[in-house]
Amino acid sequence: MSVFESKLIELPKVFDARGGLCFVEAKKHIPFEINRIYYLFNPAPATERGAHAHKALEQLIIAISGSFEIVLDDGYSKKTILLDKPWEGLYVPRMIWRDLKSFSSDAVCLVLASEFYDEADYFRDYNDFLKAVGAQ
Ligand code: TYD
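According to our numbering, the sequence shown is numbered sequentially starting from 1080.
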């Protein structure tokens, strides 16, 4: 997989006098079924998260509050994306290393994931990931 296969997806949004509303339908607005949702909140100052890649899992990452940066890395190219709009989701394909950083104090990072949690699906060692994609 290449970082160029990641993409920002603009989600349907409805604004009216009451405020904003966004929604996501699996296989319609995003290219996968959703099996799991998790979210990161109350980030510690200057914290960094992620630092892994997935063998099979695809996901959509949304800054539903605040902002943060994501660095995607396919072993050959890197791409940095700022997420700061609740109607924008970053689609991350399988086999992409990701680092999350520069969280604002009010940041909430919502993740829609294609798979249940499975530690065996993770690369947590960067060199193992590089070997798996043939970059080392
Ligand atoms: P971790 O993978 O370190 O989070 P991130 O990469 O987003 O910073 O996960 C932290 C802990 O939470 C780790 O012990 C695994 C556990 N966890 C689950 O049990 N289920 C889940 O869906 C997720 C995302 C994490």
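Glycine included, each C-beta is placed from N, C-alpha and C at the ideal position. Remember, predicted model here, so these are calculated numbers, not experimental data.
Cβ-heavy atom distance, residue i to the ligand TYD, below 7 Å
{"i": "Arg-1097", "result": "no"}
{"i": "Leu-1119", "result": "yes"}
{"i": "Gly-1213", "result": "no"}
{"i": "Arg-1115", "result": "yes"}
{"i": "Arg-1173", "result": "no"}
{"i": "Tyr-1205", "result": "no"}
{"i": "Tyr-1170", "result": "no"}
{"i": "His-1131", "result": "yes"}
{"i": "Tyr-1155", "result": "no"}
Exposure of residue i, with buried meaning 16 or more beta-carbon neighbours within 10 Å
{"i": "Glu-1137", "result": "buried"}
{"i": "Ala-1199", "result": "exposed"}
{"i": "Arg-1208", "result": "What sits at residue 1208 in the sequence shown is Phe, not Arg. Phe-1208 comes out buried."}
{"i": "Val-1171", "result": "buried"}
{"i": "Leu-1087", "result": "exposed"}
{"i": "Gly-1098", "result": "exposed"}
{"i": "Phe-1195", "result": "exposed"}
Option nearest residue i by Cα separation, candidates the options
{"i": "Phe-1111", "options": "Asp-1185, Ile-1140, Ala-1192, His-1133", "result": "Ala-1192"}
{"i": "Met-1174", "options": "Asn-1114, Thr-1126, Tyr-1205, Ala-1123", "result": "Tyr-1205"}
{"i": "Tyr-1118", "options": "Ser-1144, Lys-1106, Gly-1098", "result": "Ser-1144"}
{"i": "Val-1082", "options": "Arg-1177, Gly-1168, Phe-1208", "result": "Arg-1177"}
{"i": "Tyr-1201", "options": "His-1131, Ser-1183, Thr-1126, Ala-1125", "result": "His-1131"}
{"i": "Pro-1165", "options": "Glu-1089, Ile-1109, Arg-1115", "result": "Glu-1089"}
According to DSSP, residues forming a beta bridge with residue i
{"i": "His-1131", "result": "Arg-1177"}
{"i": "Lys-1086", "result": "Tyr-1170"}
{"i": "Phe-1202", "result": "Ala-1132"}
Within-8 Å CB hit, residue i to chain D
{"i": "Ala-1142", "result": "In the displayed structure, chain D is absent; only one protein chain is listed."}
Counting only runs that start and end within the segment 1109-1172, where is the alpha helix (DSSP H) found for 4 or more residues in a row? none
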